[in-house]
Structure formats: structure tokens, C-alpha cells
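Each residue of the sequence shown is one higher than the one before, counting from 1 in full-length UniProt numbering. Structure first, commentary second.
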Amino acid sequence: MRPFTAAIIPLFLATALTATPVFAQETTQVNGTISISGIGEVTSAPDTAFVNSGVTSQGATAREALDANTKAMGELIETLKAAGIEARDIQTSGFSVSPNYVYSDARDANGYQLPPKITGYQVYNNVNVRVRELATLGSVLDKAVTVGANTINGVSFSVADPSKLYDEARKAAFADAKAKAALYAGVAGEELGSIRNISEVQGMGTPQPYMMKASADSVAAGAVPIEGGELSYSINVQVTWDFAD
């Protein structure tokens with residue numbers, strides 16, 4: 001039995017020594033990374049306006065109020081179209097019929113307050129209007145009020161196609177991130193290598209439109225100046241670089 005045992009030991013040692021270099025070859029050097037956020041913002045004058053306008057009508061009965069409102073709204077819509085507003089740019093955004101109440105402090109024989117009485121009805125109908133030619137906005141508002149619009153809930157401004165503005169903001173955001181990353185890398189004694197990942201952290205920022213609200217009387221009197229100003233479009237990106245070898 002002794003000779004057989006001696007033959008096995010050298011074979012085991014040879015196998016172990018041969019296998020060791022295989023594990024050593026799988027070890028790799030991992031470079032560090034740097035992640036930086038960048039912000040890009042561009043501004044532009046608006047080219048489109050949105051107006052929310054409508055008619056509120058009163059009547060002794062719901063039918064009477066509705067008939068008056070239907071007539072006034074029909075004239076308003078026709079006036080808007082005559083002013084150059086296309087049918088696709090006029091959209092009903094609100095409609096309601098509601099009673100008007102009068103409240104009394106009077107009480108019945110049991111001391112309970114008497115219920116309110118209906119004194120008439122009110123019909124409200126309004127539309128959202130897109131004005132593609134800003135130069136005509138003042139005229140559109142004036143004509144709308146003249147023909148019977150007694151409610152103007154607000155005016156907002158936008159850019160019809162902001163895609164190019166967002167692309168410029170993306171370029172600025174990336175340049176901002178790269179400049180900061182290069183600065184930090186230099187301080188750390190490193191150089192930027194290849195990009196590992198790019199993501200828009202907050203997506204496409206929503207521009208903040210200028211809003212105004214005016215009464216019909218003030219618009220008719222020409223007392224409300226309307227200025228489009230500028231809109232801001234911003235992008236926030238997160239970029240990760242590997243450090244150069």
C-alpha cells in the first residue's frame with residue numbers, strides 16, 4: 001500500500017500549481033467615474049397666445065338664460081372667425097347652467113331658517129382661443145368684448161414649436177456638465193475618458209407663461225397693456241464619465 005500512496009501526492013501538487021495562474025489572469029483594473037449634472041436654459045419671445053373668454057347670461061328661467069347665452073356665444077364665435085381665428089383654434093372649455101339664490105334670515109314657526117329662494121338662472125359658456133398672430137391679439141380681444149364677451153379669464157403665451165429651443169438647452173446643459181466635470185477631474189489629477197451614461201434628470205422643463213386676467217370693461221377701455229415678454233426653456237442633464245486610463 002505504501003508505493004501506491006506516494007504516486008498520488010506528486011500528481012495532486014502538480015495540478016494545484018498549474019491551476020493557480022488561471023485565477024490570477026481574471027483580475028482587472030477598474031477606473032473611477034465622475035457624475036455631474038448640468039443645466040441649460042434658453043429664452044425666446046412667444047409666437048402664440050391663448051385666450052380664455054366667454055359669456056355669462058342671466059334669465060328668469062333656465063330656458064331664457066340659455067337662449068340669451070346661445071345667441072351671444074354664436075355671435076362671439078362668428079366674430080372670432082371673422083377676425084382670422086380658424087375653427088380648429090376655438091374650443092369650448094366650460095359650460096354650466098345654475099340657479100341664482102337669495103338667502104334670508106327669516107325662520108319658520110319651529111325656529112328653523114327658511115330655505116333659499118331661486119330668483120333666476122345663470123348660464124356660463126366659455127371657449128379657449130388660440131391666436132397664432134400676436135399682432136392681432138389686441139384687436140381680437142376688443143372685438144370679442146364688443147360683440148358680447150363679458151368674461152376674460154386669462155391670456156397665456158407660448159412658442160408653437162419649442163423643439164429647437166429645447167435642443168439648444170440640451171447643448172448648453174451638456175457643456176455645463178462637461179466644464180464642471182473637467183474642473184473636478186483636473187483638481188483630482190485625472191482626465192476625462194469616455195462617457196458612461198447621459199440622462200435628462202428632470203426631463204423637458206415647462207416654460208412659465210405670462211398670465212393676465214382682466215374684466216371685459218377694462219379691455220374695452222383699452223386700459224390693459226398686453227406684452228408677451230420672454231419664455232424660458234430649460235433642461236437638466238446628468239452625465240457620467242470614466243476617468244482616462
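Note that beta-carbon positions come from the ideal geometry of N, C-alpha and C, so glycine has one too.
### Query
With distances taken between CB atoms, is the gap from Pro46 to Glu168 smaller than 9 Å?
no
### Message
Which of the three DSSP states is assigned to Val123 in this structure?
### Response
In the structure shown, the three-state DSSP call for Val123 is strand.
### Message
Is Asn110 near the ligand SAH - that is, is its Cβ less than 8 Å away from at least one heavy atom of it?
### Response
You won't find the ligand SAH in this model; it holds no ligand whatsoever.
### Query
Hey, Ala65 and Gly74 are a contact pair by Cβ (cut 8 Å); roughly how many whole angstroms apart?
Contact flag wrong, Cβ pair sits at about 15 Å.
### Task
Using only alpha-carbon positions, find the residue among Ile90, Tyr103, Asp242 that is nearest to Ala144.
Ile90
### Message
Tell me which residues share the same chain as Lys71 and place their Cβ nearer than 6 Å to its Cβ, disregarding the 5 neighbours each side in the sequence.
### Response
none
### Task
Return yes when the Cβ of Ser44 is within less than 9 Å of the Cβ of residue 247, no when it is not.
Missing from the structure shown is residue 247; the chain here goes from 1 to 245 and no further.
### Query
What are the boundary residues of the beta strand (DSSP E) that Tyr233 is part of?
231–243
#### Entry: Beta-bridge partners of Leu192, as assigned by DSSP
In the DSSP assignment, Leu192 forms a beta bridge with Phe243.
### Query
Helix or strand or just coil, what does DSSP make of Asn153?
strand
### Task
Please report how far the alpha carbon of Lys180 lies from the alpha carbon of Ser158, in whole angstroms.
32 Å
### Task
Please confirm whether Val97 and Thr56 have their CB atoms less than 9 Å apart.
no
### Task
State the Cα-Cα distance for the pair Ser93 and Tyr184, rounded to the nearest angstrom.
Between Ser93 and Tyr184, the alpha-carbon positions lie close to 52 Å from each other.
### Outcome for Leu76 when other beta-carbon atoms lying within 10 angstroms are tallied against a minimum of 16
buried
### Task
Tell me whether Thr121 is buried or exposed, calling it buried when 16 or more other Cβ atoms sit within 10 Å of its Cβ.
Note that residue 121 is Tyr in the sequence shown, not Thr. By the neighbour-count rule (16 or more Cβ atoms within 10 Å), Tyr121 is buried.
### Query
What first and last residue would you give for the alpha helix (DSSP H) that runs through Asn69?
62–82 is the span of the alpha helix (DSSP H), which, as asked, contains Asn69.
### Task
Would you kindly check if the distance between the Cβ of Ser139 and the Cβ of Ala83 is under 9 Å?
yes
### Query
Taking buried to mean at least 16 other C-beta atoms within 10 Å of its own C-beta, is Ala49 buried or exposed?
Looking at its Cβ environment, which holds 16 or more other Cβ atoms inside 10 Å, Ala49 is buried.
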